[in-house]
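K.L.:
Convert by adding 267 to the 1-based position in the sequence shown; the result is the number in this note's numbering.
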Amino acid sequence: MTGAAEKGDGVTEEAKDLSRLRLGTAPDSWGVWFPSHPNQVPWNQFLDEAAAAGYKWIELGPYGYLPTDPAQLREELAGRDLRLSGGTVITGLQRGQEGLRQALDDCRASARLVAALGARHLVVIPEPYRAEDGTLTWSRDLTPDEWADFMRGLSTLSRSIAEEFDVRCRFHPHADTHVATGEAVERLLHDTPEETVSLCLDTGHVAYCGGDNAKLVQSYPSRIGYVHLKAVDPAVRRRVQEEDLPFAKAVALGVMVEPPHGEPAMPGLLSQLEGLGVDLFTIVEQDMFPCRPDAPLPIAMRTRRFLGSCGLGPVD
């Protein structure tokens, strides 16, 4: 996976060995946010094009988008020389016991499928406090009791899924949620046990919310358990902040861009992640909802080539 950087890709030095990092992609990079939606590409197109773009690992995406029968999914992946890295679930743990019960039900369904395919990661995303149109569905700030419920619920959920399925929950800070800023992420890490709760470091969401990816990796190396790779257009981000636009609107405006464009700069961050000395999935997850059905594949191919020029490639 080493070699000279490709001309024009924004990497001028000899590509580094990033052999501890496994490159993959996700349905999100094909504009998939829901189990089904008329504006999304069919699941077989996603699988075909992920393989055509040169990826070997994929995420499950929202439960129900890809086939949920383990035998069928295993066959579909094997026929395209693909493997599963993990799944994704949205949870409302600030809702107390009701939220925890629902989170356990939803995570168990995904974890059961993930484990059956040999994967060991489940990305846990907090539900947003506002809808796609900007309507508030929850207060922007949690009360102390709601925060405590959130932290207890996350610890319980992570421990339960690990014990039942040998699958690790990786908490994903996300825009328009109660754990979005760098300060909120650090507070969560302080208020949850290290042996139970770890992060899915989404480089795009951290940058979008004004956080510092490099600082999080440096300050909390043992809490980085999984990575989503994406980049943010700073000019669009400024408009979003000035107009207080919801995340869905920001995505429609193109706030998430393919590297090497946007922030953070990937080569240095990838080297820093490699320096952790542990095996990590680094999953390309460029928010693109909605998008034309012919848009994702060329972007996916360019992104894979660029990351390959950085030294990052599929690891079987």
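Positions of the beta carbon are idealized from the N, C-alpha and C atoms, including for glycine. As the structure is a prediction and not an experimental result, all values here were calculated from the model.
Ordered along the chain, which non-local residues of its own chain (more than five positions away) have a Cβ less than 7 Å from that of residue 478?
P.N.:
To locate residue 478, count along the sequence shown from 1; it is residue 211. Only 448, 449 and 452 meet the Cβ criterion.
K.L.:
Going by DSSP, what residues sit across from residue 568 in a beta bridge?
P.N.:
As a position in the sequence shown, residue 568 is number 301, starting the count at 1. According to DSSP, which records beta bridges pairwise, residue 568 is partnered with nothing at all.
K.L.:
On the three-state DSSP scale, how would you describe residue 469?
P.N.:
Residue mapping note: residue 469 aligns to position 202 of the sequence shown, counting from 1. Note: residue 469 maps to strand in three-state DSSP.
K.L.:
Answer yes or no: do residue 408 and residue 363 have a C-beta to C-beta separation smaller than 8 Å?
P.N.:
As a first step, residue 408 is located in the sequence shown; it is residue number 141 there, counting from the start. As a first step, residue 363 is located in the sequence shown; it is residue number 96 there, counting from the start. Not a contact, by the Cβ cut-off of 8 Å.
K.L.:
Run through DSSP, which three-state label would residue 414 get?
P.N.:
The count along the sequence shown starts at 1 and reaches residue 414 at position 147. In this structure, residue 414 counts as helix in the three-state DSSP scheme.
K.L.:
Are the Cβ atoms of residue 552 and residue 496 separated by less than 8 Å?
P.N.:
The residue given as residue 552 occupies position 285 in the sequence shown. The residue given as residue 496 occupies position 229 in the sequence shown. In this structure, residue 496 lies closer than 8 Å to residue 552 by Cβ.
K.L.:
Where does the unbroken alpha helix (DSSP H) through residue 518 begin, and where does it stop?
P.N.:
Locating residue 518 in the sequence shown gives position 251, counting from the first residue. 514-519 is the extent of the alpha helix (DSSP H) around residue 518.
K.L.:
Find the nearest neighbour of residue 357 within the set 340, 343, 376 and 344, judged by alpha-carbon distance.
P.N.:
For this step, residue 357 is matched to residue 90 along the sequence shown. Answer by Cα proximity: 376.
K.L.:
Locate the alpha helix (DSSP H) running through residue 337, then write down its first and last residues.
P.N.:
To locate residue 337, count along the sequence shown from 1; it is residue 70. Unbroken alpha helix (DSSP H) run through residue 337: 337-345.
K.L.:
Please work out which residues of its chain come closer than 7 Å, Cβ to Cβ, to residue 487, disregarding the five sequence neighbours upstream and downstream, and give them in chain order.
P.N.:
Within the sequence shown, the letter at position 220 stands for residue 487. The residues are 456.
K.L.:
Going by DSSP, which residues form a beta bridge with residue 428?
P.N.:
Against the sequence shown, residue 428 aligns to sequence position 161. In the DSSP output, where bridge partners are listed per residue, residue 428 has none listed.
K.L.:
With DSSP run on the structure shown, which of helix, strand or coil describes residue 475?
P.N.:
Numbered from 1 along the sequence shown, position 208 holds the residue referred to as residue 475. Residue 475: helix per DSSP, three-state reduction.
K.L.:
Does any C-beta atom of chain D lie closer than 8 Å to the C-beta of residue 416?
P.N.:
The structure shown contains no chain D; it is built from a single protein chain.
K.L.:
Which one or two residues does DSSP pair with residue 584 in a beta bridge?
P.N.:
There is simply no residue 584 to check, as the chain begins at 268 and stops at 583 in what is shown.
K.L.:
Which same chain residues end up closer than 7 Å to residue 446 when comparing Cβ atoms and leaving out the 5 residues on each side of it in sequence?
P.N.:
Residue mapping note: residue 446 aligns to position 179 of the sequence shown, counting from 1. Cβ neighbours of residue 446 beyond the five flanking positions: 393, 440, 452 and 455.
K.L.:
Please state if the CB of residue 290 and the CB of residue 541 are separated by a distance shorter than 8 Å.
P.N.:
Position 274 of the sequence shown, counted from the start, is the residue given in the question as residue 541. Position 23 of the sequence shown, counted from the start, is the residue given in the question as residue 290. Going by C-beta atoms, residue 541 is not nearer than 8 Å to residue 290.
K.L.:
Tell whether a beta-carbon distance below 8 Å holds between residue 474 and residue 536.
P.N.:
Taking the sequence shown and counting its residues from 1, one reaches residue 474 at position 207. Taking the sequence shown and counting its residues from 1, one reaches residue 536 at position 269. Contact: no.
K.L.:
Would you call residue 490 buried or exposed, if buried means 16 or more other Cβ atoms sit within 10 Å of its Cβ?
P.N.:
One-based indexing of the sequence shown puts residue 490 at position 223. Buried is the call here.
K.L.:
Considering residue 374, what are the terminal residues of the alpha helix (DSSP H) in which it resides?
P.N.:
Counting from one through the sequence shown, the residue named residue 374 turns up at place 107. Its alpha helix (DSSP H) spans residues 364-383.
K.L.:
Indicate the three-state DSSP secondary structure (helix, strand or coil) for residue 555 in the structure shown.
P.N.:
Translated into the one-based positions of the sequence shown, residue 555 becomes position 288. In this structure, residue 555 counts as coil in the three-state DSSP scheme.
K.L.:
In terms of residues, what are the limits of the beta strand (DSSP E) holding residue 390?
P.N.:
Your numbering for residue 390 matches position 123 in the sequence shown. Looking at the DSSP string, the run of the beta strand (DSSP E) that includes residue 390 is 388-393.
K.L.:
Check the DSSP bridge columns for residue 292 and list the partner residues they point to.
P.N.:
Along the sequence shown, one-based indexing puts residue 292 at 25. According to DSSP, residue 292 bridges with 325 and 551.
K.L.:
Among all the DSSP beta bridges, which residues are the ones paired with residue 358?
P.N.:
To locate residue 358, count along the sequence shown from 1; it is residue 91. Partner(s): 393.
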